[in-house]
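Right, one structure below, let's go through it.
Protein chains: 2
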Amino acid sequence: MARPIQFERDNVLEKAMQAFWAHGYCATSIADLVEATQLKPGSLYAAFKSKEGLFLAALDYYGEQGATRIGQALAAADSPLAGIRGYFQQLARDSADAQAMRSCFLVNTALELAGHNEIVREHINRHFDTVEGHFLRALQAAQASGELAANKDPRALAVFLMNSIWGLRVLGVTAPDPQRSQAVLQQILTLLDEC
Amino acid sequence: MARPIQFERDNVLEKAMQAFWAHGYCATSIADLVEATQLKPGSLYAAFKSKEGLFLAALDYYGEQGATRIGQALAAADSPLAGIRGYFQQLARDSADAQAMRSCFLVNTALELAGHNEIVREHINRHFDTVEGHFLRALQAAQASGELAANKDPRALAVFLMNSIWGLRVLGVTAPDPQRSQAVLQQILTLLDEC
DNA sequence: TCTATTATTGAATGAACGTTCTATAATTCT
DNA sequence: AGAATTATAGAACGTTCATTCAATAATAGA
């Protein structure tokens with residue numbers, strides 16, 4: 001009974017996410033988003049209500065994709081600990097890439113907005129909790145199978161791994177350098193070994 | 001031969017720093033800075049050239065203060081490792097404070113601007129390097145005195161400690177919680193012990 | 001005391017901001 | 001085919017932005 005929507009929502013969210021990720025919430029103007037998504041202001045506001053609405057949608061799009069990817073990578077690994085080691089090896093490589101110089105969209109947003117905006121904080125925490133949950137289950141499985149020492153605390157290790165991700169993201173933006181990333185990686189992995 | 005400057009530079013920088021720290025570079029307007037510093041736009045521009053100039057001055061003011069404070073805390077401790085442990089205990093307490101919900105000004109800035117602005121990146125790295133230098137010297141001293149195991153790598157540990165600071169700052173903004181902060185702290189301190 | 005110099009003031013500037021609105025295009029149901 | 005409905009386009013809105021400027025106030029040397 002009416003004209004159907006022309007654009008694909010995921011495509012628009014992907015483009016908007018890239019723009020927000022690259023420049024942050026405040027520094028990304030509606031004009032930037034119009035250019036990135038190829039939608040006119042009217043269409044953007046009809047679909048997402050406001051700049052903040054579009055931002056939250058893009059944030060969730062990023063968060064869900066990321067968490068899913070991590071979950072799949074862990075599930076596909078030869079063993080729980082091998083999955084975690086593999087993930088951090090890749091992360092260390094990413095954070096050493098001087099071309100990228102780009103943190104995680106969630107971490108950027110956490111520091112730009114989470115301190116003041118409770119809604120944003122909730123969205124971010126939800127995604128972080130999902131990832132932490134993946135790590136926790138992997139660590140518990142590793143302990144059950146004897147791959148992780150019995151005297152380790154999976155919960156504490158899971159929080160620590162999240163902490164390490166956040167740190168490596170900052171390192172990747174300020175001083176991307178393979179040697180430094182590898183040094184950090186070694187310390188992190190040491191904590192997963194017997195000691 | 002001319003009218004002398006009325007304001008104290010450090011006082012203005014302190015106020016400007018608080019404003020930038022609380023809201024970020026982009027979200028802090030000149031009007032905000034005028035109110036915070038009690039200087040009119042003309043005076044701000046005469047003294048600091050531009051918004052960016054004032055920001056960099058405030059960033060350095062923060063960085064130098066912070067690095068000095070850490071250096072003094074480490075020097076005043078009973079032993080090198082005791083100094084490091086004490087610093088991280090305090091940091092873990094800070095990041096568990098739900099009232100504050102505020103990261104480190106340098107970390108905030110790193111994620112907001114360092115990816116695009118090379119000058120900002122250089123300023124930030126200079127301050128981070130100073131702090132890392134303090135940690136490195138403490139770790140080397142600890143190793144020399146036998147307090148730190150001989151098989152440890154002070155350089156790698158120093159980078160890892162910086163990484164842990166950054167992580168705890170993110171934790172403090174998104175989900176301040178004593179239990180989680182303590183869990184992370186325990187893992188970090190474990191790496192300083194024999195194992 | 002007068003002159004030169006510089007700090008301070010706050011209004012003025014044009015550009016860019018997020019958002020809204022009206023006209024138009026496209027579609028479905030009757 | 002016509003009527004009803006909704007997406008799209010892009011100009012227009014008032015506001016706020018960073019910055020500049022002309023007028024004024026305050027000081028130091030002559």
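Those protein sequences? They're chains A and B, same order as listed. Position 163 of the first sequence, counted from 1, bears residue number 163 in this note's numbering, the numbering being contiguous throughout. Position 190 of the second sequence, counted from 1, bears residue number 190 in this note's numbering, the numbering being contiguous throughout. All residues carry an ideal CB built from backbone N, CA and C; glycine is no exception. Owing to the predicted nature of the structure, the values given are computational and were not obtained by experimental measurement.
For this session: Report all residues from its chain with a CB closer than 6 angstroms to the CB of Pro80 (chain B); omit the five preceding and five following residues, and keep chain order.
Result: Here residue 80 (chain B) refers to the residue found at position 80 of the second sequence. Counting only Cβ-Cβ distances below 6 angstroms, and skipping sequence neighbours, we find Ala138, Ala141, Ala142.
Exercise. Which residue from B:Gly115, B:Ala2, B:Asp193 puts its Cα closest to that of Leu171 (chain A)?
Worked result: To locate residue 171 (chain A), count along the first sequence from 1; it is residue 171. Closest by alpha carbon: B:Gly115.
Problem set entry | Phe55 (chain A) to Lys152 (chain A) span [Cα, whole Å] | Position 55 of the first sequence, counted from the start, is the residue given in the question as residue 55 (chain A). Position 152 of the first sequence, counted from the start, is the residue given in the question as residue 152 (chain A). Phe55 (chain A) and Lys152 (chain A): Cα-Cα distance of roughly 39 angstroms.
Exercise. Is it buried or exposed for Arg69 (chain A), if we count other Cβ within 10 angstroms and need 16 for buried?
Worked result: Counted from its first residue, the first sequence places residue 69 (chain A) at position 69. Counting Cβ neighbours within 10 Å, Arg69 (chain A) comes out exposed, since fewer than 16 surround it.
Problem set entry | Enclosing alpha helix (DSSP H) for Arg121 (chain A) [first to last residue] | The count along the first sequence starts at 1 and reaches residue 121 (chain A) at position 121. Residues 118 to 144.
Exercise. Does the stretch 17 to 31 of chain B come close enough to the stretch 179 to 193 of chain A that 3 or more CB-CB pairs lie under 8 angstroms?
Worked result: no
Problem set entry | Three-way DSSP call (helix, strand, coil) for Glu35 (chain B) in this model | Stepping through the second sequence from its first residue, residue 35 (chain B) is reached at position 35. In this structure, Glu35 (chain B) counts as helix in the three-state DSSP scheme.
Problem set entry | Closer than 9 angstroms at the beta carbon, the chain B residues around Gln186 (chain A) | Taking the first sequence and counting its residues from 1, one reaches residue 186 (chain A) at position 186. Residues of chain B passing the Cβ test: Asp153, Ala156, Phe160.
Exercise. Taking the C-alpha atoms as reference points, what is the distance between Glu147 (chain A) and Cys195 (chain A)?
Worked result: Position 147 of the first sequence holds residue 147 (chain A). Position 195 of the first sequence holds residue 195 (chain A). The straight-line gap from Cα to Cα measures roughly 13 angstroms.
Exercise. Between which two residues does the alpha helix (DSSP H) harbouring Pro200 (chain B) extend?
Worked result: This structure does not reach residue 200 (chain B), given that chain B is present from 1 up to 195, and the question cannot be answered.
Exercise. Residues in its own chain within less than 7 angstroms of Ala58 (chain B) by CB, not counting five upstream and five downstream?
Worked result: What you label residue 58 (chain B) is simply residue 58 of the second sequence in a count that begins at 1. Leu13, Ala16, Met17, Phe20.
For this session: Return the first residue and the last residue of the alpha helix (DSSP H) that Lys51 (chain B) is part of.
Result: Position 51 of the second sequence holds residue 51 (chain B). Looking at the DSSP string, the run of the alpha helix (DSSP H) that includes Lys51 (chain B) is 51 to 76.
Exercise. How is the alpha helix (DSSP H) around Gly24 (chain A) delimited, first residue to last?
Worked result: The count along the first sequence starts at 1 and reaches residue 24 (chain A) at position 24. Taken as a continuous stretch (DSSP letters only), Gly24 (chain A) belongs to no alpha helix (DSSP H), as it is neither H nor E.
For this session: Step through the CB atoms of chain A and report whether any lies within less than 9 angstroms of the CB of Arg69 (chain B).
Result: Mapped onto the second sequence, residue 69 (chain B) falls at position 69. Closer than 9 angstroms: no.
Problem set entry | The alpha helix (DSSP H) enclosing Arg93 (chain B), as first and last residue numbers | Locating residue 93 (chain B) in the second sequence gives position 93, where the first residue counts as 1. Per DSSP, Arg93 (chain B) belongs to the alpha helix (DSSP H) from 80 to 95.
Exercise. Can you tell me whether DSSP reads Phe105 (chain A) as helix, strand or coil?
Worked result: Residue numbering aside, residue 105 (chain A) sits at position 105 when the first sequence is read from its first letter. Note: Phe105 (chain A) maps to helix in three-state DSSP.
Problem set entry | Pair within 9 angstroms by beta-carbon distance, Tyr87 (chain A) and Asp10 (chain A) | One-based indexing of the first sequence puts residue 87 (chain A) at position 87. One-based indexing of the first sequence puts residue 10 (chain A) at position 10. In this structure, Asp10 (chain A) does not lie closer than 9 angstroms to Tyr87 (chain A) by Cβ.
Exercise. Chain B beta carbons: is any one of them nearer than 9 angstroms to that of Phe135 (chain A)?
Worked result: Working through the first sequence from its first residue, we reach residue 135 (chain A) at position 135. Phe135 (chain A) does not count as touching chain B.
Problem set entry | Own chain partners of Lys209 (chain A) with C-beta closer than 7 angstroms, once the 5 adjacent residues on each side are dropped | Because residue 209 (chain A) is not part of the residues shown, which for chain A are 1 to 195, the question remains open.
Exercise. Assuming Ala77 (chain B) and Gly83 (chain B) make a contact with CB atoms under 8 angstroms, what is their CB distance in whole Å?
Worked result: As a first step, residue 77 (chain B) is located in the second sequence; it is residue number 77 there, counting from the start. As a first step, residue 83 (chain B) is located in the second sequence; it is residue number 83 there, counting from the start. Ala77 (chain B) to Gly83 (chain B), Cβ: 3 angstroms. Contact.
For this session: Kindly say whether Ile165 (chain A), judged by its beta-carbon, lies nearer than 9 angstroms to any beta-carbon of chain B.
Result: Here residue 165 (chain A) is taken as the residue at index 165 of the first sequence, counted from 1. For Ile165 (chain A), the answer is yes, since a Cβ of chain B falls inside 9 angstroms of its Cβ.
For this session: Alpha carbon to alpha carbon, how far is Cys26 (chain B) from Thr174 (chain A)? Give it in angstroms, no decimals.
Result: Working through the first sequence from its first residue, we reach residue 174 (chain A) at position 174. Working through the second sequence from its first residue, we reach residue 26 (chain B) at position 26. For Thr174 (chain A) and Cys26 (chain B), the distance between alpha carbons rounds to 19 angstroms.
For this session: Determine whether the Cβ of Ala19 (chain A) lies closer than 9 angstroms to any Cβ atom of chain B.
Result: Taking the first residue of the first sequence as 1, we reach residue 19 (chain A) at position 19. No, Ala19 (chain A) lies away from the interface with chain B (no Cβ there is under 9 angstroms from its Cβ).
For this session: Quick one: give me the first and last residue of the alpha helix (DSSP H) that Asn163 (chain A) is part of.
Result: One-based indexing of the first sequence puts residue 163 (chain A) at position 163. Unbroken alpha helix (DSSP H) run through Asn163 (chain A): 154 to 174.
Problem set entry | Short CB-CB distance (under 9 angstroms) between Val173 (chain B) and chain A | Taking the first residue of the second sequence as position 1, residue 173 (chain B) is located at position 173. Yes, Val173 (chain B) counts as interfacial toward chain A.
Problem set entry | Counted within 10 angstroms of its Cβ, other Cβ atoms place Arg3 (chain B) as buried (16 or more) or exposed | Your numbering for residue 3 (chain B) matches position 3 in the second sequence. With fewer than 16 Cβ atoms within 10 Å of its Cβ, Arg3 (chain B) is classed as exposed.
Exercise. Considering only residues of the same chain and omitting the five flanking positions on each side of Thr130 (chain B), which have a CB-CB separation below 6 angstroms?
Worked result: The sequence position of residue 130 (chain B) within the second sequence is 130, counting from 1. Taken in chain order, the residues that qualify are Ala67.
Exercise. Skipping 5 residues on each side, what residues in its chain have a beta carbon closer than 6 angstroms to that of Ser164 (chain B)?
Worked result: As a working mapping, residue 164 (chain B) is identified with position 164 in the second sequence. Around Ser164 (chain B): Ile188.
Problem set entry | Top-ranked residue by Cα proximity to Met162 (chain B), from B:Leu191, B:Gln186, B:Pro154, B:Glu132 | Position 162 of the second sequence, counted from the start, is the residue given in the question as residue 162 (chain B). Ranking the options by Cα distance to Met162 (chain B), first place goes to B:Glu132.
Exercise. Taking DSSP as the reference, what is the three-state secondary structure of Thr190 (chain B)?
Worked result: Here residue 190 (chain B) refers to the residue found at position 190 when the second sequence is read from its first residue. Looking at Thr190 (chain B) - three-state DSSP - the assignment turns out to be helix.
Problem set entry | Cβ shell of Arg169 (chain A) (< 7 angstroms), same chain only, five flanking positions each side left out | The residue you call residue 169 (chain A) lines up with position 169 of the first sequence. Correct list, in chain order: Ser95, Ser103, Cys104, Val107.
Problem set entry | Amino acids of chain B, ordered along the chain, whose beta-carbon sits closer than 8 angstroms to that of Ser103 (chain A) | Stepping through the first sequence from its first residue, residue 103 (chain A) is reached at position 103. Correct list: Leu111, Gly115.
Exercise. Are the C-beta atoms of Ile84 (chain A) and some chain B residue less than 9 angstroms apart?
Worked result: The residue you call residue 84 (chain A) lines up with position 84 of the first sequence. So no, Ile84 (chain A) is outside the interface.
Exercise. Given a threshold of 16 other Cβ atoms within 10 Å of its Cβ, counted over all protein chains shown, does Ala98 (chain B) qualify as buried or as exposed?
Worked result: Translated into the one-based positions of the second sequence, residue 98 (chain B) becomes position 98. The residue is exposed, with fewer than 16 neighbouring Cβ atoms inside 10 Å.
Exercise. Thinking just about the alpha-carbon of each residue, which of B:Pro41, B:Pro176, B:Leu136, B:Ala36 is nearest to the one in Ala75 (chain B)?
Worked result: Here residue 75 (chain B) is taken as the residue at index 75 of the second sequence, counted from 1. Comparing Cα positions, the closest option is B:Leu136.
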